[in-house]
Structures are given as C-alpha cells and as structure tokens.
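Let me begin by presenting the structure, written as structure tokens, before commenting on it.
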C-alpha cells in the first residue's frame, strides 16, 4: 500500500513540475532552461502570415456539375500571341472573369496555370470531358457562388521549356526566363492586374508541376502561392539535386512567411506520380515547410486535375496583410 501512496506523490510532483514549466513559458516561446539542464519544451511553430484556410472538399470522382456550363455570368477566353526574348512566337490562353469588362477600374489577381507534358496552352480550357480542363466553367461557377475571388487565369505554352531537371541555384531555367521576361510583363501591361507577388499564384499539372517547383520556389519574390498537381521528381538523382539546390531556401525559417497559402501538393491513389510527389513532400516536411497534401481517388487524369483546380481556386488570394 505504501508503494502506491509514494508513487502517487511522485506522480503529483512530476505533473506539478510540468504545469510550472508551462506557466513560466513566455508567449510563443519555450520555458526557461532549468539550471544544469533538465525539462524544457521546444519552441512553438509560428502562425502563417495569413489566416490558415479551411481546405475545401474535393467534388466526388464522378461529379461533373462543378465544371458544367450553367446559367451564371460567364467570363471569356482570349488567345494572345507574343514573341519571347529568344525570338520565338508563342501563344497563351487567358481567362477573364465575368466582371472584367463591366467596371474598368477594377484590378485582379492572376493565377498562372501550366499544362502537362505533350499538351499546350489550349488544354486547360478544352471542354472535352475526358481530355480537357474546363477552367472557364469551373471559375464561372465558383465566382458566381462566391466561393472564389474573381481572377485572371493565364495559361501559357511551356511545352518547349518545362524540364524535370531542377533549376540550378541562382540560374533561371528556360521556363523561368520566359515567365520573368515575357509572360508576366505581357500580362501586367495588357490586362488590369494586381501586379505584385501577393496577387500571383502559380499552379501546374504533371510536367507543369516542375514549372511550379523550378520557377516558383526560387522566385517567391514574384509568386506567393504554389500549387502542384500530380508531379514530383522521377528519379533519385533529380530528387537529390533538387534537395541540394533548394536546401538553403528550405532550411531558412523565414521561407514559410513567404507563402500566403501553404504549399499545396495533390495526387491520385493510382497516380503514376504519387510516389514521386510523396518523396518531394517528405523533403518539405523534413524542413518544416507548411503544406497541404491531398490524396484523392483516381489517377493521372483530367478528372483529378479539374477537381484540384476547383479545390485550390477557393483558397487563392486570401484577405490578409501583404508580405
């Protein structure tokens, strides 16, 4: 009986010590280290610069209503041509929200949305149910329901510049150069954009996910939100190079403050890119990069990429202090 009585006293004393340690902890920090070492708490992670959004639910795998052409105000799609800095003639598809022509004093945030390997700038607005993105109807329906901010969506052709090879530190790859020298300047001078990093998001599927990683990560001075759909490095050598190239950025505790929405990655449970994406995600988790990871039904297909766009468009461009 005395053993249990003494054990209770010891347990009480131990718990009291923990309570006292917490009571002495300054706001947002760890309790003071006891003399000679002993019990201490790790420092608490910081909140993000913007309120953490609630992750919207994905539509069901067989749901087609969210991208149907319904009786709501519709935006418009424009095709524009430009000559890039290397002298190549290029084309973009651009979605303008329903309100764009109604009030010429309003400026808009911009989502830069990238296609996959073998496709071009027309795929994200194709209305083919099996092979197209139906972006315009997804945005029309979300905006009409008040679930997404009115935004401009820019869909460039990155077929000849997207690469699975990680961009070298301090050196912009071909797609990054085209974005910085051609695509963004064209959009900001020809459309009424909110021309700052807080109002630019970058998203892409499959090969377009490499554009997000290799252009977006080294240029968080240009983009504040990154969304990767069904993508990740395809071999250990590329993953190792990616880890080495971006190690300083990922280890910097200030990197999280550059994201207004946590880094987003999604893949299907039968997706050929699932394990590749998980390996990249593991690297982010090891370094404490705040992120949303979404595992969905289905595979490497438009049924998923439309659903990911529907989900992420509802989180983009939150109302919070700029940074």
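Residue numbers (the working numbering): 678 to 1000. For glycine and all other residues, C-beta sits at the position ideal for the given N, C-alpha and C. Here the structure is a predicted model, which means the values were calculated and not measured.
Item                                                                                                                                                        : Value
Between the Cα of residue 793 and those of 889, 926, 744, spot the shortest distance and give me the residue it belongs to.                                 : 889
Counting only runs that start and end within the region 839 to 916, where is the beta strand (DSSP E) found for 3 or more residues in a row?                : 877 to 882, 902 to 906
How many Å lie between residue 847 and residue 887 at the Cα?                                                                                               : 17 Å
Confirm, please, whether the CB-CB distance from residue 900 to residue 869 is below 8 Å.                                                                   : no
What are the boundary residues of the alpha helix (DSSP H) that includes residue 815?                                                                       : 812 to 821
Once DSSP output is grouped into helix, strand and coil, what is the label at residue 798?                                                                  : coil
How is residue 938 classed by DSSP in three states: helix, strand or coil?                                                                                  : coil
Between 912, 897, 905, which lies nearest to residue 927 when the distance is taken from Cα to Cα?                                                          : 897
Would you tell me roughly how many angstroms separate the C-alpha atoms of residue 909 and residue 940, rounded to the nearest one?                         : 14 Å
State buried or exposed for residue 772, treating a residue as buried only when at least 16 other CB atoms are found within 10 Å of its CB.                 : buried
Who are the near neighbours of residue 884 in its chain, counting only those whose CB is closer than 6 Å to its CB and skipping five residues on each side? : 793, 794, 839
Would you mind stating whether residue 791 and residue 881 have Cβ atoms separated by less than 8 Å?                                                        : yes
I need the straight-line Cα distance from residue 739 to residue 763, nearest angstrom please.                                                              : 43 Å
Within 10 angstroms of its Cβ, does residue 997 collect 16 or more other Cβ (buried), or is it exposed?                                                     : exposed
I need the boundaries of the alpha helix (DSSP H) containing residue 987, first residue and last residue.                                                   : 979 to 990
In whole angstroms, give me the CA-to-CA distance for residue 844 and residue 865.                                                                          : 25 Å
Per DSSP, what kind of secondary structure is residue 951 in: helix, strand or coil?                                                                        : helix
Quick check on this structure: which residue in 943, 919, 957, 902 has the alpha carbon closest to the alpha carbon of residue 932?                         : 902
So for residue 737, helix, strand or coil by DSSP?                                                                                                          : coil
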